[in-house]
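Protein chains in written order, with my numbering: chain A, 1059 to 1170; chain B, 11 to 122. A virtual CB, placed ideally from N, CA and C, is assigned to each residue, including glycine. Remember, it's a predicted structure, so these values are computed and weren't measured experimentally.
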């Protein structure tokens, strides 16, 4: 069972560069989301999607874009990386409503 | 806005001890509450999911309770082992579109 797969696991970017963090799930979940985890702040919601073609902003969306063209994939794009985006990024998926959430292994991003 | 608090932030216990981790939330209008385990540098592993209509869930040595009206949940770990050392996160699901709100976690160390 692959579950939720994130790539890459580690990435170093220079300020101003762009990149895409990949997230894929094989459980046919409607709901997918991206979180960032920073020391002392817990996980915060960046963007989420309730199905293909539908996305919305979370708590900290600035500097990030998402799209959902298929049920399986939910990439997160950093348009112009900034040091403040240094963080660990987690992708999650679930059925909508009261279902259990499953998380990927995370992408550790450093912006220098 | 939902806020989730976990106390204590860190806990060290000798092997074999029973322990309780606490989670409190400000808005009782939740769908469910989920406990996760996170090992250093790793992703989130789901431990227990309690629906809002349930009082408790058990899995092996773990027992989670939920008192929605008072905004509290506890995770009870029986006969702790060094392998239980990790950070434990609680998250509540509520509001629009299955959003999870996380606490900042309790870092548990079980010593020999």
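With DSSP as the reference, label residue 1067/A as helix, strand or coil.
coil
Segment contact, 8 Å Cβ cut-off, at least three pairs: the region 25-43 of chain B with the region 1138-1153 of chain A:
no
Is DSSP giving residue 109/B helix, strand or coil here?
strand
Hey, how far is the Cα of residue 1155/A from the Cα of residue 23/B?
37 Å
Are the region 1105-1113 of chain A and the region 1082-1095 of chain A touching by the rule of at least three beta carbon pairs closer than 8 Å?
yes
Could you name the residues of the same chain whose beta carbon sits closer than 7 Å to that of residue 1112/A, not counting the 5 residues immediately before and after it, in chain order?
Excluding positions up to five away in sequence, the list reads 1126.
Rounding to the nearest angstrom, what Cα-Cα distance links residue 19/B and residue 1165/A in this structure?
Straight-line measurement puts the Cα of residue 1165/A at about 24 Å from the Cα of residue 19/B.
According to DSSP, is residue 1121/A part of a helix, a strand, or is it coil?
coil
Please determine, among 1170/A, 1119/A, 1163/A, the residue with the shortest C-alpha to C-alpha distance to residue 1080/A.
1163/A
With a CB to CB cut of under 8 Å and the five nearest residues on each side skipped, what residues in its chain are close to residue 1114/A?
1105, 1106, 1107, 1108
Given a threshold of 16 other Cβ atoms within 10 Å of its Cβ, counted over all protein chains shown, does residue 1064/A qualify as buried or as exposed?
buried
What is the DSSP secondary structure of residue 1143/A, counted as helix, strand or coil?
helix
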